[in-house]
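Structure record follows, encoded as structure tokens.
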Amino acid sequence: MAQRAQDIEKCDGDEKDMKLVVLCDDHARAPFTAEHGFSLWLETKKGDRILFDTGATDVFMKNAALLGIDLSDVTDVVLSHGHYDHVGGLRYLLKVSHPKIWVRREIGFPKYSKARYAGPPWPWEKIEETVGPINYVDDHVVELHNTAFVWGPARMENTFEEPDPAFFVKDGKATKRDYFEEELNLTLKTSKGLVVITGCAHRGIVNIVSEAKRLFGKRIHLVLGGFHLVNAPIEKIQWVAERLNELGIEHLAPCHCTGEEAIRYFKSSFRDKIADCHVGTEMVIE
Numbered sequence: 230m231a232q233r234a235q236d237i238e239k240c241d242g243d244e245k246d247m248k249l250v251v252l253c254d255d256h257a258r259a260p261f262t263a264e265h266g267f268s269l270w271l272e273t274k275k276g277d278r279i280l281f282d283t284g285a286t287d288v289f290m291k292n293a294a295l296l297g298i299d300l301s302d303v304t305d306v307v308l309s310h311g312h313y314d315h316v317g318g319l320r321y322l323l324k325v326s327h328p329k330i331w332v333r334r335e336i337g338f339p340k341y342s343k344a345r346y347a348g349p350p351w352p353w354e355k356i357e358e359t360v361g362p363i364n365y366v367d368d369h370v371v372e373l374h375n376t377a378f379v380w381g382p383a384r385m386e387n388t389f390e391e392p393d394p395a396f397f398v399k400d401g402k403a404t405k406r407d408y409f410e411e412e413l414n415l416t417l418k419t420s421k422g423l424v425v426i427t428g429c430a431h432r433g434i435v436n437i438v439s440e441a442k443r444l445f446g447k448r449i450h451l452v453l454g455g456f457h458l459v460n461a462p463i464e465k466i467q468w469v470a471e472r473l474n475e476l477g478i479e480h481l482a483p484c485h486c487t488g489e490e491a492i493r494y495f496k497s498s499f500r501d502k503i504a505d506c507h508v509g510t511e512m513v514i515e
């Protein structure tokens, strides 16, 4: 039932390092349901079960059920940032599972897109009351398991990728421009190289990939997630594509907030390096 990305490494039998499955995205094929949001399931042969983001509602759970994924087995949840379309589904997950939750402390600050409230969709204190102590990522890099690392926020090394100025955050009584200081990424070490996973890349996908390469010192096998280039001018899309090409990435799987125009451009620029990414996409890395 799952859509396997044929250009990502396959494995035979049980000899696989890890499997990635997209549970929530803006695009889906029957019988799955699409939703504006993102959620990715990761499992390793050593028994790690990591959920990266939870979409906006319980859609990711319904899609997981269709894929035969038991979310009560999840060991860790990493939340990339505080927008509703990435954290909203957590309240539904907590009805069936109480995993370790990994966030930066700033995730609970009220966030806005222009005048519209953007999340989180419930007081963060309510989550803490439900699950007990939260694992706050106070260091720049935290090791979840021996091959999985949570880190962020990425350093902003260029002005070309500054977050959209329409985003604001309330820190106490102060309202200020949102630079997504809570944004976390997940990087996995595999025999093929690094797998870099991002929720929305608000701090810039080039910044994120560049820093992952510096932090972990290996080639980039796969970059998967939202690149936040929706509504971006073509000049920015071209610039991002050029920089990603220079970084020597072997495979790209852009989804969610990347935008149709950017994905079309990446397909023409990266050709066989691009994998389709939508609900049900499954990628297995040996």
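In my numbering, the protein residues as written are 230 to 515.
Backbone N, C-alpha and C fix where the C-beta goes; we use that ideal spot for every residue, glycine too.
Computed from a predicted structure; not experimentally measured.
Residue environment, residue i, which counts as buried when at least 16 other CB atoms sit within 10 Å
i, result
"residue 387", "exposed"
"residue 301", "exposed"
"residue 259", "exposed"
"residue 242", "Model confidence at residue 242 stands at a pLDDT of 33, short of 50, so the residue's coordinates are unreliable and nothing is read from them."
"residue 313", "buried"
"residue 497", "exposed"
"residue 359", "exposed"
"residue 463", "exposed"
"residue 354", "exposed"
"residue 404", "exposed"
"residue 443", "exposed"
"residue 340", "buried"
"residue 278", "buried"
"residue 369", "exposed"
"residue 352", "exposed"
"residue 325", "exposed"
"residue 501", "exposed"
"residue 317", "buried"
"residue 382", "buried"
"residue 367", "exposed"
Span of the alpha helix (DSSP H) around residue i
i, result
"residue 319", "319-322"
"residue 314", "313-316"
"residue 408", "Counting along the chain, residue 408 falls outside any alpha helix (DSSP H), and DSSP gives it neither H nor E."
"residue 444", "434-445"
Limits of the unbroken beta strand (DSSP E) element including residue i
i, result
"residue 342", "340-342"
"residue 330", "329-332"
"residue 278", "278-281"
"residue 290", "It is not in any beta strand (DSSP E) - residue 290 instead sits in the alpha helix (DSSP H) that spans 288-295."
"residue 351", "Looking at the DSSP string, residue 351 is not in any beta strand (DSSP E), and its letter there is neither H nor E."
"residue 306", "305-307"
"residue 473", "Here residue 473 belongs to no beta strand (DSSP E); instead the alpha helix (DSSP H) covers 463-475."
"residue 533", "Outside the shown range of the chain (230 to 515) lies residue 533, about which nothing can therefore be said."
"residue 400", "396-400"
Whole-angstrom C-beta distance between residue j and residue i, which should lie under 8 Å
i, j, result
"residue 418", "residue 514", "About 11 Å separates the two Cβ atoms, so there is no contact after all."
"residue 455", "residue 486", "4 Å"
"residue 504", "residue 482", "4 Å"
"residue 438", "residue 478", "7 Å"
"residue 293", "residue 252", "5 Å"
"residue 432", "residue 409", "6 Å"
"residue 517", "residue 460", "Because residue 517 is not part of the residues shown, which for the chain are 230 to 515, the question remains open."
Cross-strand partners of residue i (DSSP beta bridge)
i, result
"residue 267", "Residue 267 pairs with nothing; no bridge assigned."
"residue 480", "451"
"residue 364", "331"
"residue 380", "370 and 414"
"residue 422", "419"
"residue 496", "DSSP lists no partner for residue 496."
"residue 513", "248"
"residue 257", "508"
"residue 503", "481"
"residue 272", "248 and 278"
"residue 427", "454"
Among the options, nearest to residue i - alpha-carbon criterion
i, options, result
"residue 450", "429, 459, 474 and 467", "474"
"residue 357", "381, 342 and 319", "319"
"residue 372", "307, 347 and 349", "307"
"residue 334", "377, 444, 311 and 280", "311"
"residue 284", "491, 274 and 255", "255"
"residue 412", "363, 461, 480 and 337", "337"
"residue 495", "507, 468 and 511", "468"
"residue 399", "268, 433, 379 and 342", "342"
"residue 466", "490, 380, 479 and 293", "490"
"residue 327", "298, 363 and 458", "363"
"residue 426", "379, 352 and 287", "379"
"residue 281", "273, 267, 274 and 287", "267"
"residue 298", "376, 440, 269 and 436", "269"
"residue 305", "365, 261, 345 and 350", "365"
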